[in-house]
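Notes follow the structure.
Numbering (my numbering), first residue to last: -10 to 219.
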């Protein structure tokens, strides 16, 4: 807004003049930009609200970084059996192929798990009139374990399924309960009790729950305890 819009013409105005502000600078100054030489960005990012930091190398250090990157590019090109200019394309192709193989492996693991469901279902025990199955299923992803538990639960018609597995040094427990037993034996409560033996944590819904963490070496003890909770 203009001064006259806010104050009357009779208002007195005092003008203050302050000298220049002088502060210390911890930076490095050069006479001309050519003195800096090669300038190589290392990183750039936010360090506070409205404040960003640029990290860079100059001079000989920047040149050393360029040489190191060239060596890494040459090693990558040799590993991919490609010329340096084609490394990015070959790397993308390799990553895509790896993803495809991982999906194929997961699909194969699920098929194998499904084939095991009939065999495992036959090992269910009768505990006080309730069918209970507690078994190991190692090296399977959580989704494959859930599918296996669902298939076994469907075959039992009425019962409780507890699966435990270890993959990459991590333990997983999964509990599946048929609808007719989910009120009396909620899967979430069962998995919490079993995870205490394992030393991990878990929870879930009345018909399906999962726990993770803890000591994989105690998986068998946790599975054995499943028969004691019914």
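Idealized CB from N, CA, C, for every residue including glycine.
As the structure is a prediction and not an experimental result, all values here were calculated from the model.
Query - Rounded C-alpha distance that separates residue 50 from residue 43 - result: Using only the alpha carbons, I get a separation of about 16 Å.
Requested in this report: Return yes when the Cβ of residue 160 is within less than 7 Å of the Cβ of residue 197, no when it is not.
Outcome: no
Query raised in the report: In terms of residues, what are the limits of the alpha helix (DSSP H) holding residue 50?
Result: Its alpha helix (DSSP H) spans residues 48 to 69.
Query raised in the report: From residue 55 to residue 180, what does the alpha carbon distance come to, in whole angstroms?
Result: Straight-line Cα distance between these residues: approximately 54 Å.
Query raised in the report: Nearest-angstrom Cα distance between residue 186 and residue 148?
Result: 22 Å
Query - Contact belief for residue 106 with residue 69 at Cβ below 8 Å, rounded distance in angstroms - result: Not really, about 41 Å apart at Cβ, beyond 8 Å.
**Report entry** From -4, 190, 46 and 201, residue whose alpha carbon lies closest to that of residue 130
**Finding:** 201
**Report entry** Cβ shell of residue 189 (< 6 Å), same chain only, five flanking positions each side left out
**Finding:** Once the five neighbours on either side are set aside, the close Cβ partners of residue 189 are 200, 201, 202 and 203.
Query raised in the report: Are the CB atoms of residue 144 and residue 110 nearer to each other than 7 Å?
Result: yes
Query raised in the report: Looking only at C-alpha atoms, which of 157, 173, 167 and 214 sits nearest to residue 205?
Result: 157
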